[in-house]
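Trainee: Protein chains in written order, with my numbering: chain A, 1 to 162; chain B, 163 to 432.
Positions of the beta carbon are idealized from the N, C-alpha and C atoms, including for glycine.
Questions regarding the structure given below will be posed in turn.
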């Protein structure tokens, strides 16, 4: 919990201290769940998003925390097509329920599209899961994350007022 | 922007399950005692018809090892190479039936090989409720003709299933190997075939692979890696998997494994 608060503090610090093009983001993604972070331009047409997420429903049965990093690349310069981007998404996620604990790493490609004057980003892709650590808690259930899973959702970009 | 909270709600509610849990299909343990290597003893030879017949009189079944010949006949043997009185000849997949059939005795002792079909035809008629565990093994190819081991093992499982169907004995055959693709090939030929994955050490992984591939169960080598606890056996049975264990040399251990519900325990008759 402390680490999460420190991380959010760092994000806020970067958000306020950085150049005005750095956005605060919050989003809902099927894989990263409800997440908050920043999106910063890093080099030419590349943008980097970092965020932390959690599962906000069914919380008592299953805990899921995610740490997400996404590298976006704007494919076209053309004004109309500039809304498209491709991205590499990587997610470190922790899963905990009554039966098991998993600590996983997922990575995969995505395609994104901006709407509402670049304030809303829709994206979809696929991620590959690797289990880094697995702990059995009871002998009632046995399960494993699927190797490949879809990743889709939307991210809201909050621009700083100039 | 009004669409945002609605979409957010939808995405969160239709999110994929991150961990796939396998559904319950409870079964009851069989607790069968299987004579290892066809019921070999200090006196009786392993993997031959006469020894199997003796073992089938007292035990719930036998475990046998097999190899396939160049003529696609299945032979009972634990060794990879054909042996005659002068020593080792060639690997089974590169040896013709006529060569194997000619091997009979050495210095007055029988050393001949038994065909798998002979055993099944005997068992199907004389003790149709006994079980036979068939251990499929690979080998080291020594020429191009048997280089594709997995394909040859698929041929083996095809032949076993054909014989099982021919003698209406498929329900009592348990086929075990470490190659999942071979077991899946067998299931394609007949959905009734009982397939078991050989598991060495990592029980958790073995159970998951068996569930993922919808196999009948696992065949677990004891005394290496994870301990086979009653909890694991219970978990397997809850998820519909049967458990074979090997190899037990102690009657006490045999009883202990049967008490925790292990379905088939392969042991050496003293």
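#1: Measure from the alpha carbon of residue 375(B) to the alpha carbon of each residue in 391(B), 362(B), 364(B), 348(B), then state which is nearest.
#2: What's the C-alpha gap between residue 419(B) and residue 33(A)?
#3: Along chain A, in chain order, which residues have C-beta atoms closer than 8 angstroms to that of residue 369(B)?
#4: Output the boundary residues of the alpha helix (DSSP H) element that contains residue 316(B).
#5: Check this for me: beta carbons of residue 273(B) and residue 202(B), under 9 angstroms apart or not?
#6: Of all the residues that make up the region 84-115 of chain A, which are near chain B by a beta-carbon distance shorter than 9 angstroms?
#7: Under the assumption that residue 400(B) contacts residue 188(B) (Cβ atoms under 8 angstroms), give the Cβ distance between them as a whole number of angstroms.
#8: Please report whether the beta-carbon of residue 187(B) lies at a distance below 9 angstroms from any beta-carbon of chain A.
#9: Please say whether residue 193(B) and residue 233(B) have beta carbons closer to each other than 9 angstroms?
#10: CB residue 329(B) to CB residue 369(B), shorter than 9 angstroms?
#11: Which residue from 38(A), 25(A), 77(A) puts its Cα closest to that of residue 172(A)?
#12: Would you kindly report the start and end of the unbroken alpha helix (DSSP H) that includes residue 275(B)?
#13: Hey, does residue 146(A) have any beta-carbon neighbour from chain B nearer than 9 angstroms?
#14: Please check the pair residue 156(A) and residue 25(A), which I expect to be a contact at CB under 8 angstroms, by giving their CB distance rounded to whole angstroms.
#15: Restricting to Cα atoms, I'd like to know which of 190(B), 398(B), 402(B) is closest to residue 139(A).
#16: In chain A, which residues lie less than 8 angstroms from residue 366(B) when you measure between Cβ atoms?
#17: Flag this pair as yes or no: are the beta carbons of residue 100(A) and residue 53(A) separated by less than 9 angstroms?
#18: In the DSSP assignment, the beta strand (DSSP E) including residue 26(A) goes from what residue to what residue?
#19: Are residue 405(B) and residue 379(B) closer than 9 angstroms when you measure CB to CB?
#20: How many angstroms separate the CA atom of residue 75(A) from the CA atom of residue 359(B)?
#21: State the start and end residues of the unbroken beta strand (DSSP E) segment that holds residue 404(B).
#22: Since residue 225(B) is in the beta strand (DSSP E), which residue starts that stretch and which ends it?
#23: Is residue 156(B) close to chain A? Criterion is C-beta to C-beta, closer than 9 angstroms.
#24: To which residues of the same chain is residue 325(B) closer than 6 angstroms at the C-beta, ignoring the five residues directly before and after it?
#25: Strictly under 9 angstroms for the Cβ-Cβ distance: is residue 139(A) near chain B by that measure?
#26: At a Cβ threshold of 9 angstroms, is residue 333(B) touching chain A?
Mentor: Walking through what the data contain:
#1: 348(B)
#2: Each residue's alpha carbon lies about 45 angstroms from the other.
#3: 142
#4: 311-328
#5: no
#6: 93, 95, 97, 99, 100, 102, 104
#7: 6 angstroms
#8: no
#9: For residue 233(B) and residue 193(B), no; Cβs fall outside 9 angstroms.
#10: no
#11: Chain A is shown from 1 up to 162; residue 172(A) falls before or after that span and cannot be answered.
#12: Neither: residue 275(B) is in no alpha helix (DSSP H) and is coded neither H nor E.
#13: Chain B contact via Cβ: present.
#14: Yes, residue 156(A) and residue 25(A) are in contact; Cβ-Cβ is about 7 angstroms, under 8 angstroms.
#15: 398(B)
#16: 134, 136, 142
#17: no
#18: 23-29
#19: yes
#20: 48 angstroms
#21: 404-410
#22: 223-230
#23: This structure gives no information on residue 156(B), because the portion of chain B shown stretches from 163 to 432.
#24: 279, 282
#25: yes
#26: no
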